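Take a look at the structure below.
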Amino acid sequence: VNRSIGKVEEDVQSVKTEVDEVQEKISILQQRISDLEIRPNNILASPELMYPRPMVKSLTFDGQTSWTVFKMQFDVVSATNGWTGPVKASQLVASLRGSAAEVLQGILSDKLTDLTTIENALESRFGDSHLTQFYRTELKTRRQKSRESLQVLAADVERLMNLTYAECPLDVRESLAVQFFVDAIRDEDTQLSTRLMDFTDLKSVLAYSMKDEASKIASKISMHASPIRIEDNAGKRKDEKLESLLGVLEKLLDRLAAGKKNAPRRNPNVTCWKYYKKGHVHRECRSDNASRRNSNATCWKCNKKGRLQNECQQITSINHHKETRHGKDKALSRRSFAANMI
Numbered sequence: 325v326n327r328s329i330g331k332v333e334e335d336v337q338s339v340k341t342e343v344d345e346v347q348e349k350i351s352i353l354q355q356r357i358s359d360l361e362i363r364p365n366n367i368l369a370s371p372e373l374m375y376p377r378p379m380v381k382s383l384t385f386d387g388q389t390s391w392t393v394f395k396m397q398f399d400v401v402s403a404t405n406g407w408t409g410p411v412k413a414s415q416l417v418a419s420l421r422g423s424a425a426e427v428l429q430g431i432l433s434d435k436l437t438d439l440t441t442i443e444n445a446l447e448s449r450f451g452d453s454h455l456t457q458f459y460r461t462e463l464k465t466r467r468q469k470s471r472e473s474l475q476v477l478a479a480d481v482e483r484l485m486n487l488t489y490a491e492c493p494l495d496v497r498e499s500l501a502v503q504f505f506v507d508a509i510r511d512e513d514t515q516l517s518t519r520l521m522d523f524t525d526l527k528s529v530l531a532y533s534m535k536d537e538a539s540k541i542a543s544k545i546s547m548h549a550s551p552i553r554i555e556d557n558a559g560k561r562k563d564e565k566l567e568s569l570l571g572v573l574e575k576l577l578d579r580l581a582a583g584k585k586n587a588p589r590r591n592p593n594v595t596c597w598k599y600y601k602k603g604h605v606h607r608e609c610r611s612d613n614a615s616r617r618n619s620n621a622t623c624w625k626c627n628k629k630g631r632l633q634n635e636c637q638q639i640t641s642i643n644h645h646k647e648t649r650h651g652k653d654k655a656l657s658r659r660s661f662a663a664n665m666i
């Protein structure tokens, strides 16, 4: 029994020892928790858990660009790098160049680490607050320039809106931007169709106006497109041959007309010197030829004596009739040929 009691007491003592060790560990953990609650949030509890923070390169400001835009960029860089208070002020001072750095001459040396003082000095020198009325007038009178795209116009309207109505709610700015953008469109038809759509945001009205402008350009191109011409080489060769034939025919007609003009005209008052008859010369005198002719000469055509076939009046009248008819037929054929060619 005594042995059993002694063994139980040893077991109880070992359990007490383990309990004491556990309590000691718990107290250590509680101490660590209290230390973490006391430390700032930006200080890590263990060096092993620390990691390098990415640093964004600081910007520069020379007074030639917009101070409002630079301040927005500088605030983003400061938040990323964790700059606050004097550190942010020092970085702002280091980023100034040219005329912007000259502003520091008007600030007391003990205020060069005060961020508010530096920002107020830069705002009064390069800020846009005193130009609000100027930007508002420019926005109202803004019109699309020649060869200026609608995208550039919309971007400029949005820029002027941010400079003029920065304190207004977003929905109000969008509505005003749509109104000023539509008023600034150069093409009257595009302006009217865009105004009738009643958009409420600048992106939607820009997309619609660009589609309307593109459709009008496509319509103009299709209206002025030249028709496709198919050349018939065979017909062209026929026309060339016909033109050459007409040219030859015209030359022949011109030569014929020139020959008639150049033919010597007999004087109607010419007189035969032997028989004193007008209208012919002696060598053409029929009376003289008849007197020298054999009295038994007979015309083989009319079988009459005293004349030859070339002096027969009957043949002469027949030949004259044939020549007259042939001339008329020739003139008629020329007219019909010319009419068909036309």
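Read in order, the letters of the sequence shown are residues 325 to 666 in my numbering. From the three backbone atoms N, C-alpha and C, an ideal C-beta is built for every residue, glycine too. These numbers come from a predicted model, not from an experiment.
Is it right to say Arg-497 is buried, meaning 16 or more other beta carbons lie within 10 angstroms of its own, or is it exposed? buried
Below 8 Å, how does it come out for the stretch 437 to 451 and the stretch 406 to 415: are there three or more Cβ pairs, yes or no? yes
C-alpha gap between Ser-539 and Arg-483, whole angstroms: 28 Å
Between Ser-382 and Ser-419, which are expected to be in contact by the criterion C-beta below 8 Å, what is the C-beta distance as a whole number of angstroms? 5 Å
In or out: Leu-487 buried (at least 16 other Cβ within 10 Å) or exposed? buried
Which partner residues of Leu-463 appear in the DSSP bridge assignment? According to DSSP, Leu-463 bridges with nothing at all.
Kindly give me the distance between the Cβ atoms of Phe-385 and Ala-445, rounded to whole angstroms, as I take these residues to be in contact under 8 Å. In fact, because the Cβ distance is near 13 Å, the residues do not count as touching under 8 Å.
With DSSP collapsed to three states, give me the class of Lys-349. helix
Measure how close the beta-carbons of Val-401 and Val-380 come, nearest whole angstrom, since I'm counting them as under 8 Å. 5 Å
Confirm, please, whether the CB-CB distance from Phe-505 to Val-481 is below 9 Å. yes
At what residues does the alpha helix (DSSP H) containing Ile-442 begin and finish? 439 to 450
Buried/exposed call for Ser-533, threshold 16 Cβ in 10 Å: buried
Which whole-angstrom value describes the C-beta separation of Glu-537 and Leu-474, a residue pair presumed to lie in contact below a C-beta threshold of 8 Å? 7 Å
According to the neighbour-count rule (16 or more other Cβ atoms, all chains shown, within 10 Å of its Cβ), is Lys-340 buried or exposed? exposed
Burial state of Thr-461, where buried means 16 or more other Cβ atoms lie within 10 Å: exposed
In this structure, does DSSP put Leu-420 in helix, strand or coil? strand
Pick helix, strand or coil for Phe-394, following the three-state DSSP scheme. helix
Where does the unbroken alpha helix (DSSP H) through Asn-627 begin, and where does it stop? Segment: none, Asn-627 is in no alpha helix (DSSP H) and carries neither H nor E.
How many angstroms separate the CA atom of Gln-354 from the CA atom of Trp-391? 52 Å
Under a Cβ-count criterion, where at least 16 other Cβ atoms within 10 Å of its own Cβ denotes burial, should Leu-530 be classed as buried or exposed? buried
I need the DSSP call for Phe-523, collapsed to helix, strand or coil. coil
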